[in-house]
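Below: one structure, written as structure tokens.
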Ligand code: BES
Ligand code: ZN
Ligand code: ZN
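Numbering (the numbering used here), first residue to last: 1 to 489.
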């Protein structure tokens, strides 16, 4: 995404599309439009065809430009969430009109704070303007992808707008990278090609990238990654990306992503209906990838390590079977009850591995349980935190960027349910009750540092289009991780 700030001027801007924010009760004066663009807006206001209702977008034509008048809701309640959503809805509408370049009339928005408006609108437009076309061979069937956003700013807000824009581009590009990765089909994105993508991303950005294949994993005792991969012809990979700041650091963060490039369930095979969606079982890993890409450019004062546990879960002749017992990297033995509970097995290794960095905090993201979707739907991620300070920091970063998460419990009762008759742990409790919580309790046994877990099964990808957000990978988590690292102290 190309981002720019330009001087608004007094003439009608020569742009193909112009985003204007309108709150309930707004008049021509509050929108501060140039004279040449006022006439159609005056007429639409008089006819009450535009009213500022939240997420209602009217398209008007004037002076060779399309005005996207996007409703922001009641004037007093315009918060970044309203700006972001309105921008996302407008961008989706503009996408249908094949708009590649969107300008933003900042004088209509700077009353909500120029800096906040620039950030939220850029985020929303980027979100709504996203499209995945990699496999469309016919040009006329591709969905238009928004390529540039130009903020047109009046003199007093120019400097603030420019400052707000700095740093935004790596973040939005990181989001889009995560979505592109998540949307790749399971035959294209396998653990090996995931590792190649990480290497290709890391090299030009100066990130250290280490890839652990099966032989390394044997040596490390990564029984989870190796076990899950047994039924597949694709080898597992533990992908390690590391950013180290110059000079003094404020400590070390580790982000861990579940990277199951396809989850058939294994021997505990999933039903055929909707199984194609299980190519998205690497959305946690995609978020870690996108966040690391952004952070390599944003250069926080903290060391950040990204770990991706990549494997494919298939029911081949050598596959893990119910009743098998494996040993994870930290020596914990695990009885396999259901081979479809594979995410926690690969995470067990990655979380064990994370300890070697002596982290101040570890956050894992995983499309881990259907139970979390039942609890919170496709709207909110489940947040499990074993550390209050880490909880508060994560929740605050998430709130700033509109990534919804809600705390669920980590408590000893759930851990009790994961004890096996024959080994240290079993991989499912044997009941669906509290499924997201028992999974989190399982993961906790592999952590030895301040830790939080995000179950993004519902929010990592969408099955249906939503206002302002196309179905497919959402990039959920990138913004929260990046924000938390940038503000870490
Ligand atoms: N990848 C799935 C969870 C999932 C389901 C993500 C639907 C997104 C949409 C995970 O590996 C899984 O299959 N979990 C099982 C665990 C169960 C066997 C304890 C589940 O949630 O049913
Ligand atoms: Zn599974
Ligand atoms: Zn899975």
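Backbone N, C-alpha and C define an ideal beta-carbon position, used for all residues, glycine too.
Counting C-beta neighbours from all protein chains within 10 Å, is the total for residue i 16 or more, i.e. buried, or is it exposed?
i, result
"residue 184", "buried"
"residue 490", "The structure shown has nothing for residue 490, since the chain only spans 1 to 489."
"residue 318", "exposed"
"residue 78", "buried"
"residue 491", "Any property of residue 491 remains undetermined from this structure, which presents the chain solely from 1 to 489."
"residue 7", "exposed"
"residue 479", "buried"
"residue 235", "buried"
"residue 105", "buried"
"residue 247", "exposed"
"residue 126", "buried"
"residue 388", "exposed"
What residue range is occupied by the uninterrupted beta strand (DSSP E) comprising residue i?
i, result
"residue 149", "148-153"
"residue 258", "252-263"
"residue 241", "237-243"
"residue 123", "Per DSSP, residue 123 belongs to no beta strand (DSSP E); it is in the alpha helix (DSSP H), 114-128."
"residue 102", "101-105"
"residue 18", "17-24"
"residue 406", "405-407"
"residue 335", "333-335"
"residue 324", "From DSSP, residue 324 is part of no beta strand (DSSP E); its letter is neither H nor E."
"residue 208", "208-212"
Would you mind giving the Cβ-Cβ distance between residue i and residue j, rounded to the nearest angstrom? I have them listed as a contact below 8 Å.
i, j, result
"residue 477", "residue 462", "Actually they do not touch by this definition, with Cβ atoms about 14 Å apart."
"residue 434", "residue 414", "6 Å"
"residue 15", "residue 28", "The Cβ separation is near 20 Å, so there is no contact."
"residue 230", "residue 345", "The pair is not a contact, with the Cβ atoms about 11 Å apart (cut-off 8 Å)."
"residue 260", "residue 313", "6 Å"
"residue 120", "residue 84", "4 Å"
"residue 447", "residue 362", "7 Å"
"residue 66", "residue 130", "Rounded, the Cβ-Cβ distance is 20 Å, inconsistent with contact."
"residue 530", "residue 114", "Nothing can be reported for residue 530, as the shown portion of the chain is limited to 1 through 489."
"residue 432", "residue 371", "6 Å"
Compute the distance between the beta-carbons of residue i and residue j, then report whether it is under 8 Å.
i, j, result
"residue 340", "residue 268", "yes"
"residue 96", "residue 71", "no"
"residue 473", "residue 376", "no"
"residue 468", "residue 92", "yes"
"residue 430", "residue 325", "no"
"residue 452", "residue 394", "yes"
"residue 212", "residue 192", "no"
"residue 436", "residue 369", "yes"
"residue 288", "residue 354", "no"
"residue 148", "residue 356", "no"
"residue 13", "residue 88", "no"
"residue 209", "residue 240", "yes"
"residue 482", "residue 197", "no"
"residue 143", "residue 223", "no"
"residue 195", "residue 310", "yes"
"residue 225", "residue 349", "yes"
Just checking residue i against ligand 1 - is the residue's beta carbon closer than 7 Å to any of the ligand's heavy atoms?
i, result
"residue 367", "yes"
"residue 278", "yes"
"residue 373", "yes"
"residue 73", "no"
"residue 470", "no"
"residue 370", "yes"
"residue 323", "no"
"residue 392", "no"
"residue 435", "yes"
Can you find a heavy atom of ligand 3 that lies under 7 Å from the Cβ of residue i?
i, result
"residue 257", "no"
"residue 343", "yes"
"residue 239", "no"
"residue 149", "no"
"residue 216", "no"
"residue 463", "no"
"residue 281", "yes"
"residue 211", "no"
"residue 260", "yes"
Provide the residue span of the alpha helix (DSSP H) that contains residue i, from first to last.
i, result
"residue 451", "Looking at the DSSP string, residue 451 is not in any alpha helix (DSSP H); the run it does join, the beta strand (DSSP E), is 451-455."
"residue 196", "191-205"
"residue 438", "435-444"
"residue 172", "168-183"
"residue 2", "Taken as a continuous stretch (DSSP letters only), residue 2 belongs to no alpha helix (DSSP H), being part of the beta strand (DSSP E) at 2-7."
"residue 312", "Element bounds for residue 312: not the alpha helix (DSSP H) but the beta strand (DSSP E), 303-313."
"residue 344", "343-354"
"residue 289", "283-298"
"residue 34", "Taken as a continuous stretch (DSSP letters only), residue 34 belongs to no alpha helix (DSSP H), as it is neither H nor E."
Residue i: beta carbon under 7 Å from a heavy atom of ligand 2?
i, result
"residue 430", "no"
"residue 340", "yes"
"residue 313", "yes"
"residue 455", "no"
"residue 265", "yes"
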